[in-house]
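**Q**
2 protein chains.
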Amino acid sequence: MAKDHQHAFSPEMRRGLYEAIFRRRDMREFLPDPIPDDVLARVLIAAHHAASVGFTQPWDFIMVRDLLRRREVKRVFDEERLKNANQFEGARREKFLALKLEGILDAPLNLIVTCEPERFGPGVLGKVSLRDVEIYSTCLAVENLWLAARAEGLGVGWVSIMRNEDLTRIFEIPPGVLPLAYLCIGYVPNFPERPVLESAQWAKRLPPGSLLHFDSWGDRSGAGSKLAAAMESAATWHEIFPEDIPKDISNGRRF
Amino acid sequence: MAKDHQHAFSPEMRRGLYEAIFRRRDMREFLPDPIPDDVLARVLIAAHHAASVGFTQPWDFIMVRDLLRRREVKRVFDEERLKNANQFEGARREKFLALKLEGILDAPLNLIVTCEPERFGPGVLGKVSLRDVEIYSTCLAVENLWLAARAEGLGVGWVSIMRNEDLTRIFEIPPGVLPLAYLCIGYVPNFPERPVLESAQWAKRLPPGSLLHFDSWGDRSGAGSKLAAAMESAATWHEIFPEDIPKDISNGRRF
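Following this line, the structure appears as structure tokens:
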């Protein structure tokens, strides 16, 4: 069924991509080892080669090593974390408070990915009625960065418990530039087999078949299809991971 | 300098990821060949394993094959494209109009990635003051999908010349669900060496060093650093691509 198409990667190359996708984690524990410049250069260029609407490349990268600024970021994080905790009650609040959610001071590098929507003026090829297309592009760059870091052995943690106005103030970011992602980056003791929030039983991985709709929202008529079956089948994955299907794929699925 | 860290991938695996990142393209030309279910299953599961704020997994996937609906999408696209053209003047407008910007009817599959921010209610771990974190998560899923498709030999084109209210109407998407990405997917005649908008001289790749700031916005004091040099150096890449550095990396850089 799966005849190899001429532009498909070799099995080894394809596996490299899937290893990055399925063994990437949102990290909060870091080693102090510095990141070599050539490694960091590759991670940043991978980000820079994401798709962008109208080839606008709306991203910038602020490399943050300064400890004073990082302490101020941590202070803001701690305030916001308590607000976040108050969205939950009882045991769930306790579970929230027990989780480590950032590595701002532990990681050897913090990195802010910003988005400047009007870098080349308001006229953008591909932008008419949709407002946030440059933001979408910048997120694609973040994912490239995250995957490249994983392949280089680096962990990345995205700290979203944050206020944009504080980042703007602390890092002197001008109006019109959004501090989209505050990331902690560094080598890590290990990459957990499963997402931390899954292991901590905060939330479960949704069954992939439940996310499929066919031709219109809520039409599940294809749910019994070969596609849905393939999404639940170990055979789909054994071809790529013959000896060990990563736990993050097999978990919660009917293998 | 680049001592291998214990969690770094082997050179072959790492190259697989970088091949996907640097040979991914935003495609508008498609072959009619159907996509095998096991291939599509892998691409969708790769998307599903993106990071998401609070492990909310806010995405759904609408698989669109119905031609009537796709013709209606194409009609809306054509209207919006003319509006987009009117943002430009003279030769730039002509250049815009000469570009093929979608493969809605040519691709064997259209796929809408949606975002449902309040899937599990308003309380989300990691969401306090930032409004759009679920949207960011969904974009990460789109990039996973795009890269996995590339490794499988499939092209993806993101059609952003669109109106959300039309997608909502055509595909009966309920309130509270955002049709974030309208994608065309299929096998392709070939993947161009460079982004189409770059080859068409619509825009240039920005020099990567120009995107770096150090500790605060506009501080370029690290611009002469080893990091900036590594971003402009062929040596950084020869280790991964010994025989041929992809054109998309080497283009516009001082190799």
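Protein sequences, first through last, are from chains A and B. Heads up: the first sequence runs through residues 1 to 255, numbered per the working numbering. Heads up: the second sequence runs through residues 1001 to 1255, numbered per the working numbering. Glycine included, every Cβ here is placed at the ideal spot set by N, Cα and C. Computed from a predicted structure; not experimentally measured.
1. Please compile the residues from chain B whose C-beta is within a distance smaller than 9 Å of the C-beta of methionine 13/A.
2. I want to see whether chain A comes within less than 7 Å of arginine 1163/B, judged by CB atoms only; does it?
3. Per DSSP, what kind of secondary structure is isoleucine 173/A in: helix, strand or coil?
4. Could you name the residues of chain E that methionine 1063/B contacts, counting a contact when the two beta carbons are closer than 8 Å?
5. With three or more beta-carbon pairs closer than 8 Å as the criterion, would you say the region 180-190 of chain A touches the region 26-44 of chain A?
6. Secondary structure at alanine 2/A, three-state DSSP: helix, strand or coil?
7. Output yes or no for whether 7 Å exceeds the beta carbon distance between phenylalanine 1022/B and aspartate 1106/B.
8. Can you check the region 1169-1247 of chain B for any beta strand (DSSP E) of at least 3 residues that lies completely inside it and give the ranges in chain order?
9. Residues in its own chain within less than 6 Å of alanine 1149/B by CB, not counting five upstream and five downstream?
10. Would DSSP call phenylalanine 1055/B helix, strand or coil?
11. With 16 as the cutoff for other CB atoms within 10 Å, does aspartate 78/A come out buried or exposed?
12. Tell me, which residues are paired with glycine 1155/B by DSSP?
13. In chain B, which residues lie with their C-beta within 7 Å of the C-beta of aspartate 260/A?
14. Pick out whichever of Pro36/A, Ala47/A, Met27/A has its Cα sitting closest to the Cα of tyrosine 1018/B.
15. If you draw a straight line from the C-alpha of proline 174/A to the C-alpha of tryptophan 1217/B, how long is it?
16. Looking only at its own chain, which residues have a Cβ that is under 7 Å from the Cβ of glutamate 1102/B, when we skip the five neighbours before and after it?
17. DSSP on asparagine 1164/B, reduced to helix/strand/coil?
18. Would you call the region 204-222 of chain A and the region 131-140 of chain A touching, i.e. three or more CB-CB distances under 8 Å?
19. Would you mind telling me which residues of chain B sit closer than 9 Å to glutamine 201/A, beta carbon to beta carbon, in chain order?
20. Using 8 Å for Cβ pairs, my map puts alanine 141/A next to valine 113/A. What's the rounded Cβ distance?
21. Starting from valine 1142/B, find everything on chain A with Cβ-Cβ shorter than 9 Å and list it in chain order.
22. Is valine 128/A helix, strand or coil when you go by DSSP?
23. Within the continuous alpha helix (DSSP H) that includes leucine 111/A, where are the two ends?
24. Quick one: list the residues of chain A neighbouring arginine 1169/B, beta-carbon separation under 9 Å, in chain order.
25. Considering only DSSP beta bridges, list what methionine 1063/B is partnered with.
26. Does the Cβ-Cβ distance between arginine 14/A and alanine 1151/B come in under 7 Å?
27. Between the Cα of proline 179/A and the Cα atoms of Leu111/A, Phe88/A, Gln201/A, which residue gives the shortest distance?
28. At a Cβ threshold of 7 Å, is isoleucine 173/A touching chain B?
29. Could you tell me which chain A residues have their CB closer than 7 Å to the CB of glutamate 1080/B, listed as they occur along the chain?
30. In chain order, what are the residue ranges of uninterrupted alpha helix (DSSP H) at least 4 long that sit wholly in the region 6-46 of chain A?
31. Got a sec: is the Cβ-Cβ distance from isoleucine 1045/B to anything in chain A below 7 Å?
32. Does proline 11/A pass the burial test, meaning 16 or more other C-beta atoms within 10 Å, or should it be called exposed?
33. Which residues of chain A have a Cβ atom closer than 8 Å to the Cβ of aspartate 1037/B, listed in chain order?
34. Using a Cβ-Cβ cutoff of less than 6 Å, which residues in the same chain neighbour alanine 235/A once the five nearest sequence positions on both sides are dropped?
35. Give the DSSP-derived three-state secondary structure of leucine 99/A in the structure shown.
36. List the whole-angstrom C-beta distance separating proline 195/A from phenylalanine 1055/B, where the pair is believed to meet the contact cut-off of C-beta under 8 Å.
**A** Working from what's here:
1. Glu1012, Met1013, Arg1015, Gly1016, Leu1017, Glu1019, Ala1020, Ala1151
2. yes
3. Isoleucine 173/A falls in the coil class under three-state DSSP.
4. Judged by its chain identifiers, the structure shown contains no chain E, and its protein chains are A and B.
5. yes
6. With a pLDDT of 42 at alanine 2/A, under the threshold of 50, the modelled position of that residue is not reliable, and the figure given next carries that caveat. Coil, per DSSP.
7. no
8. 1178-1187, 1212-1214
9. For alanine 1149/B, where only same-chain residues beyond five positions count, the Cβ hits under 6 Å are Val1043, Val1156.
10. Secondary structure at phenylalanine 1055/B: helix, using DSSP grouped into helix, strand and coil.
11. exposed
12. Answer is Gly1186/B.
13. Residue 260/A falls outside the range modelled here, since chain A spans only 1 to 255, and no answer is possible.
14. Ala47/A
15. 8 Å
16. The beta carbon of glutamate 1102/B lies closer than 7 Å to those of Arg1028, Phe1077, Gly1157, Val1159, Cys1184 in the same chain, with the five residues before and after it left out.
17. Looking at asparagine 1164/B - three-state DSSP - the assignment turns out to be helix.
18. The region 204-222 of chain A vs the region 131-140 of chain A: no contact.
19. Correct list: empty, because the minimum Cβ distance to chain B is about 11 Å.
20. 7 Å
21. Tyr136, Cys139, Leu140, Glu143
22. coil
23. Run containing leucine 111/A: none in the alpha helix (DSSP H); it sits in the beta strand (DSSP E), 109-115.
24. The premise fails here: arginine 1169/B is roughly 11 Å from chain A at the closest Cβ pair, so nothing lies under 9 Å.
25. Phe214/A, Leu1111/B
26. yes
27. Of the candidates Leu111/A, Phe88/A, Gln201/A, the one whose C-alpha sits nearest the C-alpha of proline 179/A is Leu111/A.
28. yes
29. Val128, Ser129
30. 11-23
31. The beta carbon of isoleucine 1045/B sits closer than 7 Å to some beta carbon of chain A.
32. exposed
33. Met1, Ser225, Lys226, Leu227, Ala229, Ala230
34. Closer than 6 Å at the Cβ level, and outside the excluded window around alanine 235/A, lies no residue.
35. coil
36. 6 Å
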